[in-house]
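Quick note, the sequences are listed as chains X and D, same order. full-length UniProt numbering puts the first residue of the first sequence at 1, with every later residue one more than the last. full-length UniProt numbering puts the first residue of the second sequence at 1, with every later residue one more than the last.
Protein chains: 2
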Amino acid sequence: MVNETQQTCSASSSSRSDGGSSSGSESSKDNSRCSTPVLDADRHERLREKMRRRQEAGDKWFSLEFFPPRTANAAVNLISRFDRMGAGGPLFIDVTWHPAGDPGSDKETSSMIIANTAVNYCGLETILHMTCCNQTKDDITGHLQKAKRLGLKNIMALRGDPAGEEWEEEVDGFNHAVDLVKHIRNEFDDYFDICVAGYPKGHPEAESYEADLRHLKEKVFAGADFIITQLFFRPETFLKFMKDCQAIGITCPIIPGIFPIQGYHSLRQLVKLSKLEVPQEIKDVIEPIKDNDAAIRNYGVELAVSMCRELLASGMVHGLHFYTLNREVATTEVLKRLGLWKEDPRRPLPWAVSAHPKRRVEDVRPIFWASRPKSYIYRTQEWDDFPNGRWGNSSSPAFGELKDYYLFYLKSKSPREELLKMWGEELTSEESVFEVFTCYITGEPNKNGYKVSCMPWNDDPLATETNLLKDELEKVNRRGILTINSQPNINGKPSTDPIVGWGPSGGYVFQKAYLEFFTSSEIVTALLKVLKKYELRVNYHIVNVKGQNITNAPDLQPNAVTWGIFPGREIIQPTVVDPVSFLSWKDEAFALWIEQWAKLYEEESPSRMIIQYIHDNYYLVNLVDNDFPLENCLWQVVEDTFELLNSATQQ
Amino acid sequence: MVNETQQTCSASSSSRSDGGSSSGSESSKDNSRCSTPVLDADRHERLREKMRRRQEAGDKWFSLEFFPPRTANAAVNLISRFDRMGAGGPLFIDVTWHPAGDPGSDKETSSMIIANTAVNYCGLETILHMTCCNQTKDDITGHLQKAKRLGLKNIMALRGDPAGEEWEEEVDGFNHAVDLVKHIRNEFDDYFDICVAGYPKGHPEAESYEADLRHLKEKVFAGADFIITQLFFRPETFLKFMKDCQAIGITCPIIPGIFPIQGYHSLRQLVKLSKLEVPQEIKDVIEPIKDNDAAIRNYGVELAVSMCRELLASGMVHGLHFYTLNREVATTEVLKRLGLWKEDPRRPLPWAVSAHPKRRVEDVRPIFWASRPKSYIYRTQEWDDFPNGRWGNSSSPAFGELKDYYLFYLKSKSPREELLKMWGEELTSEESVFEVFTCYITGEPNKNGYKVSCMPWNDDPLATETNLLKDELEKVNRRGILTINSQPNINGKPSTDPIVGWGPSGGYVFQKAYLEFFTSSEIVTALLKVLKKYELRVNYHIVNVKGQNITNAPDLQPNAVTWGIFPGREIIQPTVVDPVSFLSWKDEAFALWIEQWAKLYEEESPSRMIIQYIHDNYYLVNLVDNDFPLENCLWQVVEDTFELLNSATQQ
C-alpha cells in the first residue's frame with residue numbers, strides 16, 4: 001500500500017498533481033498559493049481524466065441519461081430526481097438534445113437549461129447532447145458558447161435526425177457528427193470533452209458495419225474523447241464491437257449503453273426509433289406478459305443485471321451508461337444489484353457542491369442558505385471568484401437581486417392548495433403561525449390532520465442532524481421562537497459519522513451551535529438583556545425588515561461555525577456566519593413570508609394581515625455559541641429570556 | 001459592557017473597522033475577501049491610531065528609546081534585548097540617528113539596520129530618528145525611501161547638532177526640524193507617522209521658552225502627529241509645558257520623556273549634551289553616593305516611579321517614553337512597579353510576528369523554521385504577499401538564497417570556544433554527536449561538565465512546550481534519532497493556556513504531534529517499513545542532502561499542524577507542514593551541520609569528518625500524527641523501528 005502512495009521527487013523539480021503553474025515561477029507567491037485544499041479530485045479533473053483515473057484504479061462506474069421534460073412541473077420533478085440519483089454516485093449524467101423543443105433556449109424545459117441545472121445546482125458532471133444537421137455554423141457556435149458560459153464542459157456530438165424523410169447533404173453545412181466534432185475542436189480548442197455515439201450493430205443508415213466503424217474512427221480522430229454506444233440486447237454484441245473498434249485503431253474509452261427494459265410500450269417505441277431488432281429470446285419472454293408492467297420491469301432488471309455482469313466480467317468494460325427514460329426504479333435497482341450504487345454517499349462538504357468549473361475551488365458559504373442551497377447558487381452565479389479556504393471580511397458581497405430567486409426550481413414544489421392545508425386555510429393569530437412551525441419540527445399533523453412537510457425557508461425536508469435538536473426546537477417554536485435554521489455543537493466527531501460527517505475519512509468534524517429564528521420585538525428586548533450575561537460566549541445578529549441591525553460581532557468578521565481537520569491537509573471551514581451576507585439573507589428571509597405565505601391568502605384577509613404583521617414587526621435573530629466543547633448554551637439563553645419575560649409580566 | 005461592543009448599522013451601509021474599500025463596490029469579491037481574520041488590531045493600525053485607541057480606552061502605555069550599538073557583538077546583544085523588552089509590551093521603540101555612525105548605511109550597527117531589525121525580526125512598532133542639518137535633500141529623500149522600503153512607518157524628525165561650533169543657516173537647506181517635517185509630507189504624503197521633539201524647558205538655543213513653543217507649534221502644523229519631550233527632572237516642568245502647548249493650540253499627543261537615573265557618569269554626560277540643569281535636591285542626594293552605582297540606580301528608579309505616578313495621576317498623560325540608554329534593569333523595574341509591564345505576554349500567534357506593513361496579514365508559516373524565526377523572515381523578505389489564512393498549494397515558494405542567512409544576527413551568539421565546549425572539542429564517533437543532542441534536551445552537563453544551551457538549529461533555548469516531551473526526546477536522541485523540532489498533540493486547550501496558548505481569549509488551540517529529526521539510512525529503512533502500519537495516520541517526509549525525497553503527502557498538500565478556534569472569527573492555522581518548503585528548509589538544515597558545527601574543527605580532522613559524514617549520509621525526517629485526539633503515536637513509531645532493527649540484528 002505504501003508503495004502506491006509514495007512519491008519520490010527530486011528537490012529541484014517537485015511534482016504536482018494538477019497541471020497548473022508547475023514552471024519555476026520567480027514570483028514570490030504563485031496564484032495557487034491560496035488554492036483550496038483538494039478535498040475531492042473529482043472537482044478538479046475533466047471528465048476524460050476522471051474516466052482514466054477510475055480505470056487505472058480498477059473502479060467500475062456508471063452514468064445516467066435523461067431527456068428534457070415537457071412541462072415546468074416535470075422539470076421540477078426531474079431536478080429532484082437528479083438530486084436523488086446523484087446521491088448514488090454517477091460519474092456523469094447526460095441530457096439529450098430535442099431539436100423540436102427549442103433545446104438551446106432559456107425555457108425551463110430546454111436541454112440547455114436542464115443541463116445547466118444539473119451542473120450548477122445539483123453538482124453533477126454533465127454531458128449536453130447536441131445535434132448539428134439542419135443548423136447553421138453560427139447557431140451551433142452560439143449554442144456552444146452558451147453552454148461554456150453556463151459551466152458545461154462536455155458535449156455529445158451527434159448528427160441528429162434529418163428534418164425530412166429524404167435527407168440530402170448540405171454543402172458547407174453539418175452533415176455528419178464528425179463535422180460537429182471538428183467544429184468544436186476548431187472553435188473551442190480543447191475546452192470541451194467530446195463524446196460521440198457508437199453503434200454496436202452499425203448505424204442503420206450506414207452502408208455496412210465496416211463502413212460505420214470507419215466513420216466512428218473518423219469521429220475519434222477528429223477529436224472525440226470517448227464513445228457511448230447505442231443500446232443493444234446481448235453482451236456479445238458489444239464485446240465484438242469493442243474488439244472490432246480496437247482492431248482498427250480506436251483506443252479511447254467505449255462505454256456500453258444499457259437499456260433496462262421497463263415496459264412493453266417504451267421498448268417498442270425505442271426499438272422503432274433506433275431501428276434495432278429485439279432478439280427472439282427476449283420477445284418470447286415479453287409477449288406473454290406484455291400487460292403486466294411489474295413483470296416486464298422485473299424481467300428487464302434481471303436481463304440488464306446479467307448482461308452488465310457479463311460485460312464487467314469481460315475485463316474490457318469499466319463503466320456502464322444507462323438509458324433511464326427519466327425513470328428511477330429500474331436503473332437504481334440494477335445498479336444496487338451490481339453493487340455500483342453508492343450506499344453511503346460521503347459528502348465532500350456539508351453542502352452540495354456545484355460542478356461549474358469556476359466554482360470548483362468554492363469551499364466556504366454562509367450558513368444562512370443551508371436549507372436553500374439552490375437560491376445561494378443562483379444569487380452568486382455572477383461572481384467571478386468564490387471563497388476558498390476562508391470567507392474573509394467582505395463589505396459588500398454582491399448577491400444577485402432578490403427578484404432573481406423566483407426561478408422555477410426555487411419555487412415551492414407544492415401547489416397552493418397543498419400549502420394551505422399545511423400552513424393553515426385560515427390563520428387566526430400569531431399563535432396559529434407558531435403552531436405551523438411547531439408541526440414542521442415535530443412531524444406531527446396539524447389540527448386539520450395534515451403534516452407540514454415544508455416551509456418557505458426550506459427547500460428540503462428537515463436535515464437529519466436537526467433531529468438531534470428536535471425536542472428543544474419544538475419547545476421554543478411553541479413559544480414564538482420561530483426557528484428556520486439550526487445546528488448542534490460538535491466537538492470532533494469522525495468525518496465518517498453518518499449524520500454530521502463530511503470530507504475524506506480519517507478526519508474530525510466540528511461545529512459551533514447555531515440557532516436562527518424570527519421572533520417578536522418583545523422577546524428581542526428581553527433576549528438582548530439576557531445576552532449581556534453571555535457576552536463573551538455568544539455572538540448574535542438581530543435585524544428587522546427595515547435593516548435595523550444589532551450585533552456584537554467584532555469588526556463585522558465572519559465566524560466559522562463548521563470546520564474539519566483531515567490527515568495531511570489544511571483546515572476546511574465550509575460554513576460561516578458572515579455579518580454582511582446576513583443582511584442579504586435577511587431580505588430573502590423576510591420576503592419569503594410575503595411571497596410564499598401571505599400571498600396564499602386574499603388581500604386584506606385576516607390571515608394575510610397576520611403574516612404581514614409578522615413580516616413588518618418581527619426580528620430575524622441568529623445566535624452562535626462559541627464554546628463548542630461545552631454543552632450548547634443557546635437553549636439556556638432562550639430559557640432565560642422567557643423567564644425574564646415572565647418575571648416582568650408578574651411584576 | 002454590551003453597549004460598548006454593540007454595533008448598530010443599517011442594512012444599506014454596513015460599517016467596517018478598517019478604512020479599506022467601504023464603498024459599494026460592484027465587484028463580486030473585493031480584495032478584502034481573502035483577508036486575514038484581524039487577530040490583533042495592533043497589526044493593522046498605524047502608530048497614531050494605536051495611540052488614540054489606547055487613550056480612548058483609558059489604557060496607559062509606554063515606549064522605549066535605544067541608540068545604535070558600536071560593534072556587531074553589541075548589536076547581537078541589543079537585538080536580544082529587543083526581544084526581551086518587547087515582551088513587556090511597549091507601544092513602540094525608537095532608535096536614535098547617529099550622524100557620525102553612517103546611520104543610513106547597511107552596516108550591522110547603523111540606525112537604519114537596527115530599526116529594520118526591530119520592525120522586521122522583533123515585530124516591534126519602531127520610530128527611526130532622522131536629523132537633517134548638514135544634509136542634502138537628496139540624501140534625506142534617499143534615507144526616507146530606504147526606510148519605507150524596509151517597512152519603517154514612523155520617523156522622528158530632528159534638526160540634529162550642527163557640525164561646527166558656529167552654525168549658519170544654509171539657503172535651501174534643512175535648517176530646522178520643521179523643514180524635515182515639511183519635506184516628509186511633501187515627498188511621502190501621509191505614509192509616515194511623524195514625531196517631533198518638545199523641550200519642556202525650551203530648547204537651549206531658542207531665543208526664549210515662548211519662541212520655542214511657537215517653533216513646536218510650527219512643527220505640528222507642518223504635519224507632525226505627536227511630540228516626545230526631552231527629559232526633565234520634575235513632573236511640574238512637564239505639566240506646565242503641556243498646558244502651555246495646549247494654550248497655544250497644540251492638540252496632538254505629547255509624551256513625556258522619562259530618564260531613570262542609572263549612574264553618576266551617564267547623568268553628567270547626558271546633562272552636558274542636553275544643556276539641562278540637574279535640580280539641587282537631586283544633586284544633594286547623588287553627590288554623596290556617586291561611587292555607589294547600585295544606590296544611584298535604586299534612587300533613580302524611586303525618583304522615576306514617583307514622577308511617573310504623578311504624571312499619570314494628572315490625567316493629562318497617557319503614555320510614558322523611556323530613555324533606556326540601552327540598559328534593561330532600571331527601566332524594566334520602573335515599568336513593573338508602575339504596573340505597565342505586561343506580565344503575561346499573550347502571543348497573538350504561536351510565532352513572533354513581524355511588524356513590516358506588508359507582513360501584517362501574514363498568519364501562516366511552515367513549522368520548520370519554528371526555532372529559527374529570524375532566518376524565516378530573512379529568507380522571505382522579498383515576498384510581495386504573505387500567506388494569509390492558509391498556506392495553499394505552492395509549487396515554488398521562492399525562499400531567499402541559502403547564503404543570505406549568514407546575517408550577523410542569525411549567526412550563533414556564542415563564540416567558537418564556547419561552542420566547542422558545548423558540542424565537543426573532539427568527536428570520536430557518531431555516538432558522541434548523539435550525546436550532544438541528548439545533553440541539549442536534558443539540560444544536563446556533557447561529559448566535560450558543560451551545559452549544551454544551544455544547537456545549530458535553534459536560535460533560542462528549548463521551547464517550554466518541548467519540556468512536555470522531554471523524557472521521550474531524551475530516549476530517542478540517545479539512540480540516534482537526532483531531534484531538531486517537535487510539538488506535542490493538543491486537543492483543544494484554552495487559548496489562555498500559559499504553555500501552548502495563543503490568540504485572543506475565549507478560544508481553543510489544537511496541535512497535531514510533530515517530530516523532526518536527522519537519522520541514519522539504516523534507521524530510515526526500518527522506519528519506512530514501520531510506517532506502512534501507520535499509513536493512514538502518519539504523514540512523513542524523508543529527504544537526504546541530495547534531495548532524494550520520500551513522502552506520502554497527498555498531492556504535496558500542506559498539513560495544518562497548529563490551529564485555533566476563537567469566538568466570532570474564522571479559524572486560524574498558523575503553522576503547517578508544507579512538503580515544498582520542506583525542501584528549502586532541508587538545504588538550510590543540512591548546511592548548518594557544516595557551517596556551524598563542522599567548521600569549528602580543522603579540515604581533515606576526525607571531528608570534522610564525523611560531522612561531514614552525518615551531513616552526507618543522514619536523512620532529515622518529519623512525521624505528523626494526524627490523529628490529534630488520540631495519544632501521540634510517533635513515539636510508538638520510533639519504538640517499533642528500533643524493535644525491527646533489533647530483531648533484524650538478532651537474525
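All residues carry an ideal CB built from backbone N, CA and C; glycine is no exception.
May I have the straight-line CA-CA distance separating D/V452 from D/K599, to the nearest angstrom?
-> Distance between the alpha carbons of D/V452 and D/K599: 18 Å.
Assign D/N617 to one of two classes, buried (16 or more other C-beta atoms within 10 Å of its C-beta) or exposed (fewer than that).
-> D/N617 should be labelled exposed.
Separation of X/W457 from X/R372, as counted between CA atoms = Distance between the alpha carbons of X/R372 and X/W457: 7 Å.
Just how far apart, CA to CA, sit D/H321 and X/F386?
-> The alpha-carbon of D/H321 is positioned some 47 Å away from that of X/F386.
Please name the residue, chosen from D/S80, D/M51, D/R52 and D/D497, that lies closest to D/K374 on a Cα-to-Cα basis.
-> Of the listed residues, the one whose Cα sits closest to D/K374 is D/S80.
Have a look at X/S28 and X/W593 and give me their C-alpha separation to the nearest angstrom.
-> The pLDDT assigned to X/S28 is 35, lower than 50, so where the model puts this residue is not dependable; a value taken from the coordinates is nonetheless given after this. X/S28 and X/W593: Cα-Cα distance of roughly 51 Å.
For D/T131, which residues does DSSP report across the bridge?
-> The beta-bridge partner set that DSSP reports for D/T131 consists of D/L158.
Look at the Cβ atom of D/E474, then the Cβ atom of D/T442, and state whether they are nearer than 7 Å.
-> Contact: yes.
Per DSSP, which one or two residues make a beta bridge with X/S486?
-> Paired residue(s): X/L515.
Measuring only between beta-carbons, confirm whether X/E631 sits less than 7 Å from chain D.
-> It does not: the Cβ of X/E631 has no partner Cβ on chain D nearer than 7 Å.
May I ask you to verify whether the stretch 502–513 of chain D touches the stretch 336–354 of chain D, counting CB pairs closer than 8 Å and requiring at least 3?
-> Two segments are said to touch when three or more pairs of C-beta atoms, one from each, lie closer than 8 Å; by this definition the stretch 502–513 of chain D touches the stretch 336–354 of chain D.
If you draw a straight line from the alpha carbon of D/G198 to that of D/F188, how long is it in whole angstroms?
-> Whole-angstrom Cα-Cα distance: 23 Å.
Would you kindly work out how many angstroms separate the C-alpha atoms of D/T229 and D/Q269, rounded to a whole number?
-> D/T229 and D/Q269: Cα-Cα distance of roughly 18 Å.
List, in order along the chain, the chain D residues whose C-beta lies closer than 9 Å to that of X/W585?
-> Simply none; closest approach about 11 Å.
Any alpha helix (DSSP H) of 4 or more consecutive residues that is wholly inside the stretch 272–332 of chain X = Complete alpha helix (DSSP H) runs here, min 4: 280–286 and 293–313.
Which bits of chain X does D/G501 rub up against, with CB to CB less than 9 Å?
-> What D/G501 touches in chain X: nothing, since even the nearest Cβ is about 15 Å away.
Does the beta carbon of D/G151 sit closer than 7 Å to a beta carbon anywhere in chain X?
-> By this cut-off, D/G151 is not an interface position.
Starting from D/Q612 and walking both ways along the alpha helix (DSSP H), at which residues does that stretch end?
-> DSSP places D/Q612 inside the alpha helix (DSSP H), whose first and last residues are P606 to N617.
Would X/R569 count as contacting chain D if we go by Cβ distances under 7 Å?
-> Yes, X/R569 counts as interfacial toward chain D.
Which residue spans inside the stretch 557–610 of chain X form an unbroken beta strand (DSSP E) run of at least 3?
-> Listed in chain order, they are 559–565 and 572–577.
Are D/Y376 and D/W369 close, meaning C-beta to C-beta below 7 Å?
-> Yes.
Do X/I194 and X/V181 have their C-beta atoms within less than 7 Å of each other?
-> Yes, Cβ-Cβ distance for X/I194 and X/V181 is below 7 Å.
Buried versus exposed, by CB contacts within 10 Å (16 or more), X/N632 = By the neighbour-count rule (16 or more Cβ atoms within 10 Å), X/N632 is buried.
Are D/F62 and D/V95 closer than 7 Å when you measure CB to CB?
-> Contact flag unset, no.
The beta strand (DSSP E) with X/A197 in it runs from where to where?
-> Under the DSSP assignment, X/A197 falls in the beta strand (DSSP E) whose first and last residues are D193 to G198.
If you draw a straight line from the alpha carbon of D/A247 to that of D/M316, how long is it in whole angstroms?
-> Cα-Cα distance, rounded: 14 Å.
Can a CB atom of chain D be found closer than 7 Å to the CB of X/W369?
-> Not closer than 7 Å to any Cβ of chain D, the Cβ of X/W369 fails to qualify, so no.
Please say whether X/R390 and X/R43 have beta carbons closer to each other than 7 Å?
-> Against a cut-off of 7 Å, the Cβ pair of X/R390 and X/R43 comes out as no contact.
What did DSSP end up calling D/N491 once you bin it into helix, strand or coil?
-> Of the three classes helix, strand and coil, the one that applies to D/N491 here is strand, per DSSP.
Under a Cβ-count criterion, where at least 16 other Cβ atoms within 10 Å of its own Cβ denotes burial, should D/T551 be classed as buried or exposed?
-> Counting of Cβ neighbours within 10 angstroms places D/T551 among the buried residues, the total reaching 16 or more.
Which bits of chain D does X/V576 rub up against, with CB to CB less than 7 Å?
-> Neighbours of X/V576 in chain D, taken as residues at a C-beta separation under 7 Å, are given in chain order as E570.
Hey, X/G564 and X/V524: beta-carbon distance below 7 Å or not?
-> The answer is no: Cβ separation not under 7 Å.
Based on the DSSP output, what are the partners of X/I542 in its beta bridges?
-> Beta-bridge analysis with DSSP links X/I542 to X/I550 and X/V621.
Members of the stretch 531–559 of chain D near chain X, C-beta cut-off 9 Å | Result list: L531, K532, E535, L536, R537, V538, N539, V543, K546, G547, Q548, N549, I550, T551, N552, A553, P554, D555, L556, Q557, P558 and N559.
Beta-bridge partners of D/F92, as assigned by DSSP = Beta-bridge pairing links D/F92 to D/S63.
Residues that X/F226 bridges to, as DSSP identifies them = Paired residue(s): X/C195.
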